[in-house]
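Numbering (this note's numbering), first residue to last: 1 to 371. For every residue, glycine included, the Cβ atom is placed at its ideal position computed from N, Cα and C.
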Amino acid sequence: MKRIGVVLLVIILQATAAGQQLPGDRNTDREIREQTKRYFDATERHDVKALDDLLLEKCLIFYPRGVLDTKATLLQALRKPVPAGRPVQPAYTLSDVKVRRVGDTAILTVILTAARVDSPGVINNNRRTLIWTRQDGRWRLMHDQWSLVGDAGEAEYWSDYFHGKKQNFNQQPNKLLTEAVKGCRPGKALDVGMGEGRNAICLAKQGWEVTGIDRAEGALAVARQQARQQGVRITPILQTAEEFDWGRKQWDLVALLYVGAVRGNVANIRESLRPGGLVVIEAFLAPPGTTGRGTEYEPGELRKMFAEGFEILHYEETEGVADYGQKRMQLVRLIACTTMTQTPSCCQILQPTVAPPIARRIQARRSCRGR
C-alpha cells in the first residue's frame, strides 16, 4: 500500500504538471480544502469518530524522523485522554494551499504552522502532502506525507546529521549484527537504513556483498567515502524501503537496525530472503501504555510479526545502551531465519559462536545460507 501511495503521488504530480485537470475543479478545490481542515481539526481535538469517517482503512501517515502511522495505530493513540491544560480549539494556520485533481484522486499540498505543545514558544512549519480519493461519492484520505520546512525535508535532516560533528550515535558496528553473523558464510546482505555505513562496511570486510539503502544522500556520501578509505566495496542506493525493489530469494541477510521500515515490509523481508536467510532487528521498546510507532515496538510485537515463515533464533526485550542516543534504554532485539522444508546443501548447521545470553537462546542451531 505504501508503494502504491508513492506511485500515485508521482503519477498525479506528472499529470498535473502537464495541466491535465478536469472540469469543475473549483468545486473540487473547495471540497478538498474543507475535508482537509476537518482532518486537521479532528486530529488536534482527538476526535476519533470524525477521523474514522474521514480516513480510508488503508490510510498511511508518514511523519518526520521515519515514524509511520496506519489508520488503526493513529486512532489507537488518539483514544488516550488529552493531557490536562491542552487547548481544545486547534491552534494552527494553513498557507500555500494548492489542490490538483486527476479523475477520482486529488492531491493537496499545504504548509501547516503550529506551536509545539511540548515546547512553549517553539513554532513548527510542516509541509503536508495529502492524497484524497473519491469513495462512495465522497472524498476520503488515503495518504498524508509530512516533511520539514526549513531543512528541506527529512532526507536532508539525516544528511546534515551524518555530516555534522555532534552525531550522537554509535559509530561502531552494531553488536547484535556482528554476533549474529559469526560463523556464517558470507553471502548477499541488505542493510536497510544504511546511514553512514558502519554496519555495511563491517560486513563487507568479512566478505559479504552488501547493498545499503537510505533516503539521505548525505549519509550515503559518507558511506561511500568510508568504504573507499577502508578498501571495501558496497552498493549504496538512494531509496526508501517503500521505493526499493526487495526482490525474491535474493538475500542471505537483511539488517534493520533502528529503522522504521519493519512494519509493512515483513512480507518483503520473507520473500526476499533465501532459505535459511537471516533477519536481524534492533529497535526501541515502547514505554508501557504507549503505542508502538516508528522505531518503537510494543512488547511482543516483533515476535508476532515474524511468527509465520521464520524460525526465531533469539528474541529479547531488555535494557541496554542504544546505538542512537547512546543512553541506557529499553530495547528489543530479534534474530530469525526463514524456515526451510529441507536443509539446502549450501547451508550449515552451526554451533553458536555468540556470547551469552544469546548463545543459550539460540542453542545449537543456526542456519546460514552461503553462496
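Closest Cα partner of residue i within the set the options
| i | options | result |
| --- | --- | --- |
| L74 | R248, L313, Q145 and H46 | H46 |
| D96 | C202, R215, L112 and E296 | L112 |
| P275 | T338, A72 and E217 | T338 |
| L253 | D245, Y63, V222 and G277 | G277 |
| L68 | F310, R293 and A216 | R293 |
| T28 | R127, P288 and R138 | R138 |
| E271 | P287, W246, A255 and L51 | W246 |
| E308 | K80, I269, E296 and L285 | I269 |
| D144 | K304, D53 and T36 | T36 |
| T318 | Q172, E311, A336 and L285 | L285 |
| A42 | R79, R26, E31 and R30 | R79 |
| L238 | R248, P287, A216 and K304 | A216 |
| V48 | Y92, R30, R33 and P81 | P81 |
| E34 | L94, Q250 and K58 | L94 |
| T109 | S147, D214, N124 and G218 | S147 |
| A267 | Q225, P288, F310 and G300 | F310 |
| D136 | N124, D214 and D53 | D53 |
Sub-9 Å separation of residue i and residue j beta-carbons
| i | j | result |
| --- | --- | --- |
| E209 | P236 | no |
| L313 | A283 | no |
| V279 | F306 | yes |
| G197 | A227 | yes |
| V262 | L302 | yes |
| Y63 | L51 | no |
| A200 | A223 | yes |
| R328 | A336 | no |
| N126 | A114 | yes |
Residue i, DSSP secondary structure in three states
| i | result |
| --- | --- |
| A115 | strand |
| F40 | helix |
| T338 | strand |
| C184 | coil |
| K327 | coil |
| G218 | helix |
| D52 | helix |
| R128 | strand |
| Q171 | coil |
| Q206 | coil |
| E34 | helix |
| D29 | helix |
| A446 | Given that the chain is displayed from residue 1 to residue 371, the structure contains no residue 446 and the question cannot be resolved. |
| R270 | helix |
| T295 | coil |
| K249 | coil |
| Q239 | coil |
| Q230 | coil |
| T290 | coil |
| M142 | strand |
| R263 | coil |
| R45 | helix |
| R303 | helix |
| A200 | helix |
| A106 | strand |
| K80 | coil |
| C346 | Any answer about C346 is weak, because its pLDDT of 32 lies below 50 and its placement is not dependable; what the coordinates show is given next. If DSSP states are grouped into helix, strand and coil, C346 belongs with coil. |
| E179 | helix |
| A322 | coil |
| A283 | strand |
Beta-carbon proximity list for residue i, same chain, < 6 Å, skipping 5 on both sides
| i | result |
| --- | --- |
| V259 | V192 and G193 |
| L257 | N174 and E282 |
| R134 | D104 |
| E316 | R333 |
| L203 | A189 and V210 |
| L177 | N199, A255 and V280 |
| E296 | F284 and A286 |
| Y92 | L112 and A114 |
| K249 | R274 |
| C59 | K71, L141 and M142 |
Close-in-space but distant-in-sequence residues of the same chain around residue i (CB under 7 Å, 5 per side omitted)
| i | result |
| --- | --- |
| N265 | A241 |
| L55 | K71, R140 and L141 |
| R233 | A204 and A227 |
| Q171 | R198 |
| R26 | none |
Proximal residues to residue i (C-beta, below 8 Å), its chain only, five neighbours per side dropped
| i | result |
| --- | --- |
| Q206 | V181 and P186 |
| T291 | T73, Q76, A77 and E298 |
| Q230 | I201 and K205 |
| E31 | W139 |
| E57 | K71 |
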